[in-house]
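Visitor:
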Amino acid sequence: MLERRYNILTGEWVIVSAFTQQRPTNPTAECPLCVGGAEFSEPYDLCSFDNRFPSLRIDAPEVISDDELYAKERAQGKCEVVVYTIEHESAMSLMPVHQIEKLIKMWADRYLELSTLPFVKYVFIFENRGAQVGATLPHPHGQLYAFPFIPKRIEAKLTAQARYFDEHGNCALCDVVKREIRNGERIVYENESFIALVPFYARWPYEVHVYPKRHVSSIVELNNEERHLLSKTLKVVTMKYDLLFQQAFPYMMMLFQAPVNDIRYWHAFHFHIEFNPVKRDKDKIKWMASVETGTWAFINPKIPEEAARELRAVEVLK
Amino acid sequence: MSTFFANINELNEFDVFKRAGYRIVEGGEILVRVERIHLGYLFRTFVKGVIQDVVLFEFQRPAEIFVNNWQSWGPARVVGKDFPFSFPIELRKKFGYSASIMPEVYFDNLISDYFMGSDKFLIGALSSRIGHPYLLIDPETVKVKLNLFGRHFADWTEVEKFVVLKGEIDWLLPYYADLVAKENGVELKAKNFVGWSSWYQYFLDFDYQKMMADLDKSKCLGYQVFQIDDGWERDIGDWEPNEKFPALTRIASDIRSYGYVPGIWLAPFSVSETSSISKNHSDWLVKDENGNPKVAYQNWNKNIYALDTTNPEAKEWLRTLFLNLKDAGFGYFKIDFLFAGAIQGKRHDNCTPVEAYIQGLKIIREAVGDSFVLGCGAPLWPSIGFVDGMRIGADTAPFWDPNGPDIGYPNAYYALRNVFTRWFMNGVLWWNDPDCLLLRCEDTQLNDSQRQLYAFTSLLLDNILVQSDNLSYKIDHDLWKRIMTIRSYGKRMVNLKGLMDGQYEITSAGVDGVHKLLVKDLKIPTFRIELDEERVKLVKKIEKRSDGRTFNYYEEREKLE
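Here the protein sequences come in this chain order: A and B. Throughout, my numbering is defined as the position within the first sequence, counted from one, plus 33. Throughout, my numbering is defined as the position within the second sequence, counted from one, plus 10.
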């Protein structure tokens with residue numbers, strides 16, 4: 034079965050996908066993303082390909098429903114595996130900046146290409162790193178989902194930022210960037226075009242956000258120099274993470290871009306990247322438990338300014 | 011209820027919500043509801059009875075305003091308070107409804123169809139499905155109006171919605187376009203394309219031999235569509251090949267043999283006084299009050315009548331015409347002079363001209379299925395959702411004349427002006443057709459600079475790109491190659507600043523980076539193109555696997571020095 038169902042109690046869509054049950058968990062045999070594995074027989078540089086176990090498909094089965102209480106729709110969309118490099122033992126923190134720059138270009142191309150599908154409403158690019166956040170393969174890769182609807186948290190971001198724009202006449206994140214540069218207390222890393230910081234409103238202990246200083250709504254709008262500087266920023270943030278506890282730091286990295294096939298938010302929505310790490314100490318995990326899952330209210334045990342100080346203090350070669 | 015806003019720039023909720031409520035108008039009743047939306051307010055109007063041309067609300071006129079004409083060729087421009095608006099008397103009969111759906115109002119007044127802007131606000135209708143929304147502008151006030159042409163509404167019916175938006179006009183326009191797209195349920199399935207057209211080289215002097223000669227010369231130019239324009243038909247209304255062309259199936263198969271989608275021009279809602287339809291089916295034509303066929307406009311040295319797209323026999327003829335063209339092998343339809351389908355007059359059905367027009371477009375859309383439909387000479391808002399592409403300016407020409415009349419006459423300068431001012435419609439409502447690129451270096455008065463600006467503007471705004479040249483001439487191939495290289499990167503995200511002062515700044519973002527075009531003075535023209543140099547060049551290779559999955563490989567072409 035593959036379909037999406039509407040939750041009339043919360044106004045959110047749930048994707049029911051029986052395929053994903055078949056997904057392997059840390060296969061012990063050969064890596065499917067290495068040459069000679071299940072997916073590649075020839076050497077490659079970077080690749081984004083259709084997930085073998087997709088939750089959304091272009092050719093999703095038709096769904097017929099006229100039930101107002103239990104509405105359902107086709108799970109039409111796309112799920113891709115985004116492979117960063119052929120190097121199995123690498124990671125964003127270990128990759129050359131140049132390779133990350135290529136990755137950013139690939140992300141831009143995927144975002145633009147998927148936006149040509151009229152039923153796609155949101156392209157969500159992300160990476161789960163480490164078994165603690167559900168990554169099933171250690172080979173450096175991320176994923177993307179091309180959704181046929183605006184997911185709930187994205188909707189919340191759009192609504193909040195549009196409301197701020199209505200009330201203040203300018204973009205909320207542009208104002209945040211100005212304040213953080215002036216304040217400096219939460220900044221972890223800064224270059225000419227980006228700041229990486231532990232946000233005032235961090236939900237996770239070592240949460241880091243990456244904000245472009247200039248207002249852009251997507252990665253596509255970054256010029257080539259800015260893409261290079263974003264590569265450096267991602268490299269520095271992930272290196273700091275790994276050096277913080279001297280271990281491969283598990284995180285969820287998520288790109289928040291404006292919806293596609295909808296330009297109503299270009300002026301109000303500011304592209305940004307969130308790193309949501311689950312570690313609250315070297316050997317302690319902050320779990321997404323009842324309060325966080327049930328209410329969407331987070332209790333952060335780490336003072337963001339302290340986390341920023343610790344991360345800022347981690348020296349990396351820039 | 012009061013309908014006058016003293017200062018539209020400083021709207022507050024109290025001012026706005028006072029305008030909601032119930033009103034009795036001549037022949038019927040109106041109910042207006044106002045809702046708060048992001049960046050402004052939504053005005054919803056419900057009507058009952060026989061409704062003519064009603065004022066919804068009015069406001070004090072700002073000095074500089076951005077006004078728009080109802081159809082493809084008409085000007086979209088910024089005018090000041092001293093703008094002397096009066097349409098040339100000697101041209102009124104020739105232009106007829108080409109100039110306006112309401113020539114009786116348009117020829118002596120300044121009106122803006124569908125929307126109007128100023129530097130800090132925008133007012134616009136979200137659709138034109140029943141009535142014609144417009145703004146009547148005098149030196150002191152602007153009246154927001156909806157013409158329902160005396161249609162009878164037996165029950166309360168919601169008609170066109172309006173929005174009042176506050177902000178910078180340069181980002182209000184794309185926001186507004188998206189609201190319009192959502193209101194009309196637009197889903198852009200077709201891709202914008204690159205092609206060739208016969209018109210701006212050969213005009214009516216076109217024949218099969220010329221078509222074949224240009225097909226032969228077209229290899230490796232990257233066209234996807236090859237379109238024959240006006241000149242192939244027996245008469246306007248008699249859509250059969252004349253003596254200069256073989257059968258349509260032959261034309262289409264010849265074009266397809268070169269790997270292109272065959273394209274064809276026609277004016278499906280226009281019927282010349284000499285055509286067989288005029289002679290044999292005068293009951294298919296829109297009539298005046300005396301029951302005589304109404305002249306929609308004059309062209310080809312003839313009176314042109316309008317097809318009644320609500321007449322059952324005419325509808326069947328229209329459907330068959332397009333089914334046959336599709337069967338003959340054509341996959342791209344440039345449908346021109348469409349405004350003829352929306353002229354006022356007596357029809358089989360008692361409906362508004364807008365509703366009649368939509369009936370006609372719907373028949374064409376259904377007949378051609380997924381083929382690309384390009385609207386031209388078309389009422390803009392009623393066409394939304396039915397066309398894949400839309401001409402958004404006057405005809406271009408092999409000359410550049412900033413001093414010519416700004417009334418929709420062929421002129422590369424005014425054609426390109428509209429490409430800038432209507433940029434925000436592209437990729438949202440349809441793919442903008444900026445009109446053809448004339449890249450020949452002979453048989454033209456266009457200079458290198460004008461050619462380059464036209465080509466780069468169309469490219470960076472991510473518009474349709476169609477060349478119209480005799481390919482045996484000396485062509486600026488270097489320019490075409492540069493254009494096609496950037497085009498090969500695919501879709502772009504575009505922004506334009508400077509609409510009100512005419513110093514346009516295009517920002518065009520794509521996989522290859524963010525390119526800019528800055529126009530200092532369009533008249534001369536003086537401009538600067540800033541191309542964003544790639545640091546990393548990736549080559550993309552797509553592999554389709556036997557299990558149905560797609561693999562997109564990205565590989566570096568050359569390492570950064």
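Ideal Cβ placement from N, Cα and C applies to all residues, glycine included.
With burial defined as no fewer than 16 other Cβ atoms inside 10 Å of the residue's Cβ, what is the status of VAL44/B: buried or exposed?
Guide: VAL44/B should be labelled buried.
Visitor: Taking only beta carbons into account, state which residues of the region 532 to 556 of chain B come closer than 7 Å to chain A, listed in chain order.
Guide: Per Cβ criterion, the list reads ASP542, GLU543, GLU544, ARG545, VAL546, LEU548, LYS550.
Visitor: Grab the span of the beta strand (DSSP E) containing THR151/B for me, first residue to last.
Guide: Where THR151/B is concerned, the enclosing beta strand (DSSP E) stretches over 151 to 168.
Visitor: Can you find the residues in the same chain that come closer than 8 Å, C-beta to C-beta, to GLU566/B, ignoring five residues on each side of it along the sequence?
Guide: The residues are VAL546, LYS547, LEU548, VAL549.
Visitor: Quick check on VAL47/A: does DSSP put it in helix, strand or coil?
Guide: Of the three classes helix, strand and coil, the one that applies to VAL47/A here is strand, per DSSP.
Visitor: Any residues in the region 61 to 75 of chain A with a beta carbon nearer than 7 Å to a beta carbon of chain B? Which ones, in chain order?
Guide: Within the region 61 to 75 of chain A, no residue qualifies.
Visitor: Can you find a C-beta in chain C that's less than 8 Å from the C-beta of ALA104/A?
Guide: Among the protein chains in the structure shown, which are A and B, there is no chain C.
Visitor: Report the three-state DSSP secondary structure of PHE279/B (helix, strand or coil).
Guide: Of the three classes helix, strand and coil, the one that applies to PHE279/B here is coil, per DSSP.
Visitor: Can a CB atom of chain B be found closer than 8 Å to the CB of LYS135/A?
Guide: Yes, its Cβ sits closer than 8 Å to a Cβ of chain B.
Visitor: Strictly below 7 Å CB to CB, what residues from chain B border SER50/A?
Guide: Within chain B, no residue comes near SER50/A; the closest Cβ sits about 16 Å away, beyond 7 Å.
Visitor: Taking the C-alpha atoms as reference points, what is the distance between ARG342/A and ARG162/A?
Guide: Approximately 23 Å between the Cα atoms of the pair.
Visitor: So who's on the other strand from TYR297/B, going by DSSP bridges?
Guide: According to the sequence displayed, residue 297/B carries Lys and not Tyr. DSSP, once it has assigned bridges, lists PRO303/B, LYS356/B as partnering LYS297/B.
Visitor: My understanding is that VAL429/B touches ILE402/B, with C-beta atoms under 8 Å, so please give their C-beta distance in whole angstroms.
Guide: Yes, VAL429/B and ILE402/B are in contact; Cβ-Cβ is about 7 Å, under 8 Å.
Visitor: Which class does THR536/B belong to by DSSP, given the choice of helix, strand or coil?
Guide: Correct three-state label for THR536/B: strand.
Visitor: Nearest by alpha-carbon distance to ARG538/B: which of GLY520/B, GLU553/B, TYR514/B is it?
Guide: It is TYR514/B whose Cα lies nearest to the Cα of ARG538/B.
Visitor: Quick check on HIS261/A: buried or exposed, where buried means 16 or more other Cβ atoms within 10 Å of its Cβ?
Guide: Classification of HIS261/A: buried, given that the 10 Å Cβ count is 16 or more.
Visitor: Decide yes or no for the touch test of the region 281 to 294 of chain A against the region 146 to 164 of chain A: beta carbon pairs closer than 8 Å, at least 3 of them.
Guide: Yes, the region 281 to 294 of chain A touches the region 146 to 164 of chain A.
Visitor: I'd like to check one pair, GLY418/B with ALA404/B: are the Cβ atoms closer than 8 Å?
Guide: Their beta carbons are under 8 Å apart, which means ALA404/B touches GLY418/B by this criterion.
Visitor: Ignore the nearest five residues each way along the sequence and tell me which others in VAL397/B's own chain have a CB closer than 6 Å to its CB.
Guide: Contacts found: VAL383, GLY385, TRP440.
Visitor: Assign ASP118/B to one of two classes, buried (16 or more other C-beta atoms within 10 Å of its C-beta) or exposed (fewer than that).
Guide: Its Cβ having fewer than 16 others within 10 Å, ASP118/B is exposed.
Visitor: Could you tell me the alpha carbon to alpha carbon distance between VAL347/A and ALA322/A, rounded to whole angstroms?
Guide: Rounded to the nearest angstrom, the two C-alpha atoms are 30 Å apart.
Visitor: Can at least three beta-carbon pairs, one atom from the region 224 to 240 of chain B and one from the region 268 to 276 of chain B, be found at a separation below 8 Å?
Guide: Touching, yes, given that three or more Cβ pairs across the two stretches are closer than 8 Å.
Visitor: Measuring alpha carbon to alpha carbon, tell me which residue in HIS487/B, SER478/B, THR259/B is nearest SER207/B.
Guide: Of the listed residues, the one whose Cα sits closest to SER207/B is SER478/B.
Visitor: Against chain A, with Cβ distances strictly below 8 Å, would ASP188/B count as a contact?
Guide: Cβ-Cβ to chain A under 8 Å: yes for ASP188/B.
Visitor: Taking the runs of the beta strand (DSSP E) that are 3 residues or longer, which of them lie wholly in the region 39 to 82 of chain B?
Guide: Listed in chain order, the complete beta strand (DSSP E) runs (minimum 3 residues) inside the region 39 to 82 of chain B are 50 to 70, 75 to 78.
Visitor: Could you pull the DSSP bridge partners for GLN477/B from this structure?
Guide: GLN477/B is bridged to TRP206/B, LEU447/B.
Visitor: Can you look up ASN421/B in the DSSP assignment and give me helix, strand or coil?
Guide: If DSSP states are grouped into helix, strand and coil, ASN421/B belongs with coil.
Visitor: Would ARG345/A pass as an interface residue toward chain B - the criterion being a Cβ-Cβ separation below 8 Å?
Guide: Chain B, which has no Cβ nearer than 8 Å to the Cβ of ARG345/A, makes this no.
Visitor: Please report the straight-line C-alpha distance between TYR308/A and VAL209/A, rounded to a whole angstrom.
Guide: The identity of residue 308/A in the sequence shown is Phe, whereas the question assumes Tyr. Each residue's Cα considered, the two are about 17 Å apart.
Visitor: Quick one: any contact between the region 287 to 300 of chain B and the region 317 to 327 of chain B, if contact means 3 or more CB pairs under 8 Å?
Guide: Touching, yes, given that three or more Cβ pairs across the two stretches are closer than 8 Å.
Visitor: Run through chain B and tell me which residues come within less than 8 Å of HIS261/A, C-beta to C-beta.
Guide: Under the 8 Å cutoff, chain B gives ARG545.
Visitor: Just to make sure I have the definition right: I need the residues of chain B whose C-beta is within less than 7 Å of the C-beta of LYS138/A. Which are they?
Guide: Ordered by position in chain B, the residues that pass the 7 Å Cβ test against LYS138/A are VAL521, VAL546, LEU548.
Visitor: Can you grab the Cα-Cα spacing for the pair LYS103/B / MET112/B, in whole Å?
Guide: About 13 Å.
Visitor: Looking at chain B, which residues of the region 136 to 165 of chain A have a Cβ within less than 8 Å of any of its Cβ atoms?
Guide: The residues in question are LYS138, MET139, ALA141, ASP142, ARG143, LEU145, GLU146, SER148, THR149, PRO151, PHE152.
Visitor: So that I know if they touch, is there some Cβ in chain B lying closer than 8 Å to that of TYR39/A?
Guide: No, because no Cβ of chain B sits closer than 8 Å to the Cβ of TYR39/A.
Visitor: When the cut-off is 8 Å and only beta carbons count, does PHE297/A lie next to chain B?
Guide: Going by the sequence as given, residue 297/A is Arg instead of Phe. So, interface residue.
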